[in-house]
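One structure is given here, and the rest of the page talks about it.
Numbering (the numbering used here), first residue to last: -10 to 147.
Here you go:
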């Protein structure tokens, strides 16, 4: 006997065993039984085959041209954005790490436009963020008691 009929017989036997076990433990209508058998057979038949190779992804713009001073271009859809992280999560359910892995980007690939980063940095420095608290070099002078005297109370007239 050749190898092909033996493999086909084994496939049919495995399909029958799996379907019988499933039907014994779950309620399956008679109308759904042929579909169940076909699905199990197809799944078992596809186990030995290779997965089709996914086609190489082409970004909307070149990776080099995706970072501009005032915006970053999303490689998924070509949109120009100041902040990419929220766009990726809301439209594609991707984290920045997923995005970088998908497009083979370096770990330091920015998710925010450079001008936006500079503006935010300037604002933070202007309001005092990022600085250590000043040392008590200029201690406030000790308070001297007030030199004003109190007015004497006038006696109450009864």
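Here a beta-carbon is modelled for each residue, glycine too, at the ideal position from N, C-alpha and C.
| Asked | Found |
| --- | --- |
| Considering only the beta carbon of each residue, do residue 77 and residue 88 sit closer than 8 Å? | yes |
| Per the contact definition of three or more C-beta pairs closer than 8 Å, is the region 23 to 36 in contact with the region 49 to 66? | no |
| Between which residues of its own chain and residue -10 is the CB-CB distance below 8 Å, once the five residues before and five after are set aside? | With a pLDDT of only 49 at residue -10, under the threshold of 50, the placement of this residue in the model should not be trusted, and no figure is reported. |
| So, does the region 36 to 52 touch the region 87 to 105, judging by three or more C-beta pairs under 8 Å? | yes |
| What residue range does the alpha helix (DSSP H) around residue 85 cover? | 85 to 91 |
| How is residue 29 classed by DSSP in three states: helix, strand or coil? | helix |
| DSSP on residue 12, reduced to helix/strand/coil? | helix |
| Nearest to residue 23 by CA position, among 72, 4, 63, is which residue? | 4 |
| Taking the alpha-carbon of residue 73 as reference, which of 107, 82, -2, 100 has the nearest alpha-carbon? | 100 |
| Is DSSP giving residue -10 helix, strand or coil here? | Note that residue -10 scores a pLDDT of 49, beneath 50, so its modelled location is shaky and nothing firm can be said. |
| Are the CB atoms of residue 0 and residue 149 within a distance shorter than 8 Å? | A query on residue 149 cannot be resolved here, the shown segment of the chain reaching from -10 to 147 and no further. |
| Please return the same chain residues whose Cβ sits closer than 8 Å to the Cβ of residue 86, not counting the five positions on each side in sequence. | none |
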